[in-house]
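Residue numbers for the sequence shown, in the numbering used here: 145 to 899.
Glycine residues also receive a C-beta, built at the ideal position from the N, C-alpha and C atoms.
These numbers come from a predicted model, not from an experiment.
Following: one structure in structure tokens, then a few remarks.
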Amino acid sequence: MQDTRIRLSRRSVLEGMGLVAAGLGLEVFLPARAHAAPMPTAMPEVPSVGLRANVFVHVAPDGVVTIVCHRSEMGQGVRSSLPVLIADELGADMAHVKVVQGDGDEAYGDQNTDGSSSVRKIFDDLRYAGATARTMLVAVAAKRWKVAPTECEARDHAVFHKGSQRALKFGELASDAAKLKVPKREAVTLRPRNELKNLGKELPLLDGPDIVTGRAVFGADVVLPGMRTAVIARPPVAGGRVARYDASKTLAVPGVRQVVELEAAKKPFLFQPLGGLAVVADNTWAAMKGRAVLDVTWEGGDNAVYDSEAYREQLLEVIGKPGKVVRNVGDAEAALAKAAKRVQATYNTPHLAHAPMEPPAAVAKVENGTCEVWATTQNPQAARSEVAKALGIDPSKVTVHVTLLGGGFGRKSKPDYVVEAALVAKAVGAPVRLQWTREDDVRHDYYHSTSAQRLEAGLDASGKVVAWHQRIAFPPIGSTFADATFAGEGEMGQGITDLPLAIPDVRMENCEARAHTRIGWLRSVANIYHAFAVQSFIDELAHERGTDPRDTLLEVLGPSRIVTPKDLGVAKVPNYGQSIEEHPVDTARLRRVIERVTGLARWDERKQQGRALGLAAHRSFLTYVAVVVSVVKDADERIRVDEAWIVADAGTIVNMDRVRAQMEGAVVFGLSLGLYGAITMKDGATVESNFRDYRLARIAETPRKIHVDIIPSDGRPGGVGEPGVPPVAPALANAVFALTGTRVRELPLVKTVKV
145 MQDTRIRLSR
155 RSVLEGMGLV
165 AAGLGLEVFL
175 PARAHAAPMP
185 TAMPEVPSVG
195 LRANVFVHVA
205 PDGVVTIVCH
215 RSEMGQGVRS
225 SLPVLIADEL
235 GADMAHVKVV
245 QGDGDEAYGD
255 QNTDGSSSVR
265 KIFDDLRYAG
275 ATARTMLVAV
285 AAKRWKVAPT
295 ECEARDHAVF
305 HKGSQRALKF
315 GELASDAAKL
325 KVPKREAVTL
335 RPRNELKNLG
345 KELPLLDGPD
355 IVTGRAVFGA
365 DVVLPGMRTA
375 VIARPPVAGG
385 RVARYDASKT
395 LAVPGVRQVV
405 ELEAAKKPFL
415 FQPLGGLAVV
425 ADNTWAAMKG
435 RAVLDVTWEG
445 GDNAVYDSEA
455 YREQLLEVIG
465 KPGKVVRNVG
475 DAEAALAKAA
485 KRVQATYNTP
495 HLAHAPMEPP
505 AAVAKVENGT
515 CEVWATTQNP
525 QAARSEVAKA
535 LGIDPSKVTV
545 HVTLLGGGFG
555 RKSKPDYVVE
565 AALVAKAVGA
575 PVRLQWTRED
585 DVRHDYYHST
595 SAQRLEAGLD
605 ASGKVVAWHQ
615 RIAFPPIGST
625 FADATFAGEG
635 EMGQGITDLP
645 LAIPDVRMEN
655 CEARAHTRIG
665 WLRSVANIYH
675 AFAVQSFIDE
685 LAHERGTDPR
695 DTLLEVLGPS
705 RIVTPKDLGV
715 AKVPNYGQSI
725 EEHPVDTARL
735 RRVIERVTGL
745 ARWDERKQQG
755 RALGLAAHRS
765 FLTYVAVVVS
775 VVKDADERIR
785 VDEAWIVADA
795 GTIVNMDRVR
805 AQMEGAVVFG
815 LSLGLYGAIT
825 MKDGATVESN
835 FRDYRLARIA
845 ETPRKIHVDI
855 IPSDGRPGGV
865 GEPGVPPVAP
875 ALANAVFALT
885 GTRVRELPLV
895 KTVKV
């Protein structure tokens with residue numbers, strides 16, 4: 145694929161604004177040939193002629209190949225990666241490919257853009273989508289030439305006869321190919337990997353030109369005739385409700401049309417809206433002004449007693465007592481009793497908010513028993529079914545168009561805000577744009593769970609780790625969907641039951657914890673607190689032993705080997721929904737990223753004047769990642785992150801540019817939650833409201849350099865969007881200890897050290 149590169153400098157941009165700054169090269173990749181259909185868009189109408197081999201690929205007689213992207217684009221480049229994989233397998237020239245966004249439809253299979261699954265779960269399926277169309281086009285060409293299909297090849301948007309070099313363009317074959325019976329999967333052969341010419345390359349960002357020029361359409365950009373805007377005053381406490389209200393001052397605000405009361409959410413919360421009062425106006429400003437003067441009294445409900453600081457103490461008490469055993473090898477209690485030395489520590493992490501740059505937004509139109517929605521959603525099928533349920537109509541009557549997403553991190557997999565838009569639109573009898581503000585987003589999230597973990601290890605006389613005992617407590621995600629108080633199998637499988645340890649006696653326990661707010665998955669989910677506790681504790685063991693933290697980590701992980709469920713002391717490993725045979729727990733890959741990252745960071749020179757390094761590594765979403773963070777003290781004695789290195793083994797890579805970007809972003813994301821991330825609650829309500837008190841790492845607080853290294857591999861694809869996050873916070877905490885001697889056992893770091 146050709147691309148045009150436009151070089152911009154920060155200086156040129158700022159000079160154009162009348163400002164001056166030091167030059168910083170910025171290269172924007174503009175695809176010169178492939179193009180995206182305008183967004184939002186429905187799945188294209190199937191032409192009366194041409195080949196539609198499946199729901200993903202259509203070849204028109206004019207040669208245009210339309211490829212549907214059924215996953216949501218939120219900056220990770222999925223629209224620039226999945227269609228290219230299909231096109232490569234087909235043999236299409238991207239100059240003649242149009243990429244359109246698929247609506248929410250079960251015909252595509254799983255559309256939830258979550259769990260780092262867009263490549264790892266459907267890599268072969270997408271290849272078969274392209275290969276099926278290729279097989280049909282080749283069959284037509286071979287028949288015309290009276291040769292065997294094996295003598296033909298599809299490339300450069302045409303089918304060629306290898307012997308005579310005769311060629312027929314895809315468009316010339318499309319109509320006849322459409323008359324063929326679609327072959328079954330077992331009759332279709334995938335190309336050799338080396339024929340996928342774009343696989344693993346740094347592909348241009350398809351939507352980049354529209355994003356940088358302002359033409360891109362996000363959730364709040366959709367405008368319909370007669371559309372109104374709504375914002376909602378929601379109960380401050382999850383599960384609360386309106387006790388009384390007076391809307392007279394609100395209705396007096398110019399532009400405000402009406403106030404709509406929404407039904408309060410009932411437990412379990414599921415994907416229900418929280419309820420409250422929707423202020424509907426001609427524009428966003430009027431709606432917000434009207435909400436600001438709304439006179440409302442709230443009834444708090446059961447969760448009004450929730451105090452996150454007090455709850456932290458409750459969790460510490462819980463992990464002081466036995467829980468459900470989820471993993472057991474040998475006899476850890478007996479081994480601890482006989483150990484020459486016992487090391488024990490507890491770790492805490494707080495609630496976290498997703499805080500995507502674009503707050504949730506959706507536009508809905510309800511008329512004649514149907515509903516049409518435009519939404520910044522990661523999960524259009526769930527949005528479709530939830531809207532149908534709320535409106536009392538069949539899902540076939542609901543259409544969900546997916547716009548671009550300005551970040552998601554798992555928040556936009558929960559379609560409560562989409563349902564809000566539909567309910568308000570139905571109530572007012574006009575199209576409605578439902579807009580969340582930043583304050584709404586921070587105060588009414590599906591929060592990442594707070595956690596407490598207690599770890600204890602036994603050392604023999606030589607300092608070898610011979611026993612490991614771990615207790616974990618956190619309100620589970622399952623509490624949002626049922627009356628669950630113990631972490632689910634999947635949550636335990638994110639760094640607990642799948643953690644490779646070369647220790648003879650291991651016992652891990654799942655302790656009870658009840659939720660008092662909505663709990664949801666956030667980028668890398670339970671891996672965040674599991675990696676923080678485990679990787680911090682291993683660093684503590686190194687200090688107690690007087691050994692190199694890297695050497696200790698490698699020793700605890702053990703030699704290169706495939707670790708079976710039996711070795712782990714569990715019945716099975718959830719393994720992120722994929723086969724443990726195809727994606728085994730492989731310590732060789734984990735050791736490799738550790739050795740690679742410490743080599744790049746010059747680990748053996750880490751005791752340089754005024755600088756310290758911290759290390760952590762973690763396997764998540766079938767990908768292996770290791771991180772080294774360098775910290776220094778500035779003139780005010782504040783801890784500052786100086787440099788960071790991240791190495792990943794994610795198996796087969798589709799789009800190298802986006803993988804690097806995801807790893808860079810993971811470092812910044814992980815530093816944000818490690819340095820500042822904390823949602824606190826008083827009387828059941830969230831204290832924080834915006835970026836002024838829910839801090840993210842700012843430019844000056846991020847590393848001056850983030851070095852990314854991706855290990856080449858032909859292995860099965862792993863996830864990419866999330867695995868970079870878990871090792872960052874423990875690597876940071878370990879670096880702080882190396883620099884200051886202060887051990888960080890609670891996040892965020894701002895509670896322990898001066899940052």
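Item                                                                                                                                                                                     : Value
The alpha helix (DSSP H) with Tyr-450 in it runs from where to where?                                                                                                                    : That residue, Tyr-450, is in no alpha helix (DSSP H); it is neither H nor E in DSSP.
Starting from Phe-676, trace the alpha helix (DSSP H) both ways and give me its first and last residue.                                                                                  : 671-689
How long is the line joining the alpha carbons of Thr-921 and Phe-676, rounded to whole angstroms?                                                                                       : Since the displayed the chain opens at 145 and closes at 899, residue 921 lies outside it and no answer follows.
Less than 8 Å between the C-beta atoms of Ser-774 and Ala-760, yes or no?                                                                                                                : no
In this structure, does DSSP put Asn-654 in helix, strand or coil?                                                                                                                       : strand
Spatial neighbours of Pro-870 within its chain, please: C-beta separation below 6 Å, excluding the five flanking residues on both sides.                                                 : Ser-668, Asn-671, Ile-672, Ala-675, His-762, Ser-764
Please work out which residues of its chain come closer than 6 Å, Cβ to Cβ, to Ile-647, disregarding the five sequence neighbours upstream and downstream, and give them in chain order. : Val-609, Trp-612
Grab me the residues of Arg-972's own chain with a C-beta within less than 7 Å of its C-beta, minus the 5 sequence neighbours each way, in chain order.                                  : This structure leaves residue 972 out entirely; the chain is present only between 145 and 899.
What does the alpha-carbon distance come out to for the pair Ala-770 and Val-741?                                                                                                        : 6 Å
Just to check my reading of the structure: Thr-333 and Ala-251 have Cβ atoms closer than 8 Å, yes? What is that Cβ distance to the nearest angstrom?                                     : Not a contact, Cβ separation roughly 24 Å.
On the premise that Val-263 lies in contact with Val-798, defined as a C-beta separation below 8 Å, what is that separation, rounded to the nearest angstrom?                            : 5 Å
For the alpha helix (DSSP H) that Ile-738 lies in, which residues bound it at each end?                                                                                                  : 731-744
Tell me the residue span of the alpha helix (DSSP H) that contains Ser-392.                                                                                                              : 392-395
Under 8 Å, do Val-203 and Ala-318 count as touching if we go by C-beta distance?                                                                                                         : yes
Using CA coordinates, which residue listed in Arg-271, Gly-821, Asp-206, Ile-376 is at the minimum distance from Pro-227?                                                                : Arg-271
Is the distance from the Cβ of Gly-795 to the Cβ of Gly-754 below 8 Å?                                                                                                                   : no
Mark Val-729 as exposed unless 16 or more other C-beta atoms lie within 10 angstroms of its C-beta, in which case mark it buried.                                                        : buried
Give a yes or no on contact between the region 483-495 and the region 599-606, applying the rule of three or more CB pairs nearer than 8 Å.                                              : yes
Of the choices Gly-551, Ala-532, Gly-550, Gly-536, whose alpha-carbon is the least far from that of Val-544?                                                                             : Ala-532
If Pro-494 and Gln-679 are in contact, beta carbons under 8 Å, what's the gap, nearest whole angstrom?                                                                                   : Their Cβ separation, rounded to whole angstroms, is 18 Å, which puts Pro-494 and Gln-679 out of contact at 8 Å.
Would you say the region 238-257 touches the region 519-527, given that touching needs at least three Cβ pairs under 8 Å?                                                                : yes
Ordered along the chain, which non-local residues of its own chain (more than five positions away) have a Cβ less than 7 Å from that of Ala-571?                                         : Val-404
I need the boundaries of the beta strand (DSSP E) containing Phe-304, first residue and last residue.                                                                                    : 302-305
Which same chain residues end up closer than 7 Å to Pro-853 when comparing Cβ atoms and leaving out the 5 residues on each side of it in sequence?                                       : Here residue 853 is Asp; the residue named in the question, Pro, does not match the sequence. The answer, listed in chain order, is Arg-740, Leu-744, Val-791.
Just checking my contact of Cys-655 with Ile-616 at CB under 8 Å: how many whole Å lie between their CB atoms?                                                                           : 6 Å
Tell me whether Lys-895 sits in a helix, a strand or coil according to DSSP, three-state version.                                                                                        : helix
Tell me the DSSP secondary structure of Gln-351 in three-state form.                                                                                                                     : Per the sequence shown, the amino acid found at residue 351 is Asp instead of Gln. It is coil, neither helix nor strand.
Where Gly-384 and Ala-448 are concerned, what is the direct C-alpha to C-alpha distance, given to the nearest angstrom?                                                                  : 8 Å
Flag this pair as yes or no: are the beta carbons of Met-825 and Ser-595 separated by less than 8 Å?                                                                                     : no
For Ala-822, I'd like the list of residues in its chain whose CB is within less than 6 Å of its CB, leaving aside the five on either flank, ordered along the chain.                     : Pro-494, Pro-892
If you check the beta carbons only, do Val-361 and Thr-581 fall under 8 Å apart?                                                                                                         : no
Provide the residue(s) that pair with Gly-602 in DSSP beta bridges, ordered along the chain.                                                                                             : Arg-486, Ala-611
What are the partner residues of Asn-492, as DSSP defines its beta bridges?                                                                                                              : Ala-596, Glu-890
Flag this pair as touching only if the region 423-432 and the region 797-814 have three or more C-beta atom pairs under 8 Å; answer yes or no.                                           : no
Going by beta carbon distance, what residues of the same chain come within less than 8 Å of Thr-185, once the five residues before and after it are set aside?                           : Confidence in Thr-185 is poor, its pLDDT being 41 and thus under 50, which makes the residue's placement unreliable; the coordinate value appears in the next sentence. Closer than 8 Å at the Cβ level, and outside the excluded window around Thr-185, lie Val-244, Gln-245, His-545.
How long is the line joining the alpha carbons of Ala-166 and Met-807, rounded to whole angstroms?                                                                                       : Any reading at Ala-166 must be qualified, since the residue scores a pLDDT of 29, below 50, and its modelled position is unreliable; the value itself is stated next. Taking the straight line from one Cα to the other gives about 26 Å.
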